[in-house]
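Going by this note's numbering, the first residue of the sequence shown is number 36, and it counts up by one from there.
Note that beta-carbon positions come from the ideal geometry of N, C-alpha and C, so glycine has one too.
On a predicted model such as this, the values are computed, not experimentally measured, just so you know.
In what follows, a structure is listed as structure tokens, so that the remarks can point back to it.
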Amino acid sequence: MAYTLKLLKRAEDELHHSCEWYDSQKRGLARQFLKELDLQFKFIVKNPELYQIQGQGNLRFSPLKKFPFVVIYWFDEGMKIIYVVSIFHTSREPII
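Here it is, written out as structure tokens:
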């Protein structure tokens with residue numbers, strides 16, 4: 036059974052703000068960011084255990100390749116749900 040991916044409110048807000056910023060910098064850049072993020076989400080859904088648990092709360096960190104962002108997530112194996120907690124810029128300190 037495949038996993039379902041859910042963005043928590045914080046991750047949705049971070050995604051929205053990042054897309055707004057990329058749109059203000061260069062036309063089409065937000066679309067490129069979303070495309071890469073979508074590929075990363077698909078990869079995480081297929082391989083949720085690939086990244087090691089870091090810190091407390093069973094959180095895993097999955098870096099994007101072309102953009103300086105990391106997807107922070109945890110998953111419920113029984114419910115088959117991946118919860119994206121944060122999508123943060125690597126120059127910032129995560130508040131997790």
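How would you label residue i, buried or exposed, when you count the other beta carbons within 10 angstroms and need 16 or more for buried?
i, result
"L85", "exposed"
"E49", "buried"
"F68", "buried"
"P103", "exposed"
With DSSP as the reference, identify every bridge partner of residue i, one or two as the case may be.
i, result
"L42", "V119"
"H124", "F104"
"P98", "V105"
Taking only the alpha-carbon atoms, compute the straight-line gap between residue i and residue j and give it to the nearest angstrom.
i, j, result
"K81", "I117", "11 Å"
"H51", "L42", "12 Å"
"E112", "L64", "34 Å"
Tell me, to the nearest whole angstrom, how far the beta carbon of residue i is from that of residue j; I am working on the premise that it is less than 8 Å.
i, j, result
"T39", "K100", "Their Cβ separation, rounded to whole angstroms, is 24 Å, which puts T39 and K100 out of contact at 8 Å."
Is there contact here, the region 95 to 107 with the region 117 to 128, by at least three beta-carbon pairs under 8 Å?
In this structure the region 95 to 107 lies against the region 117 to 128, because at least three pairs of beta carbons, one per stretch, are closer than 8 Å.
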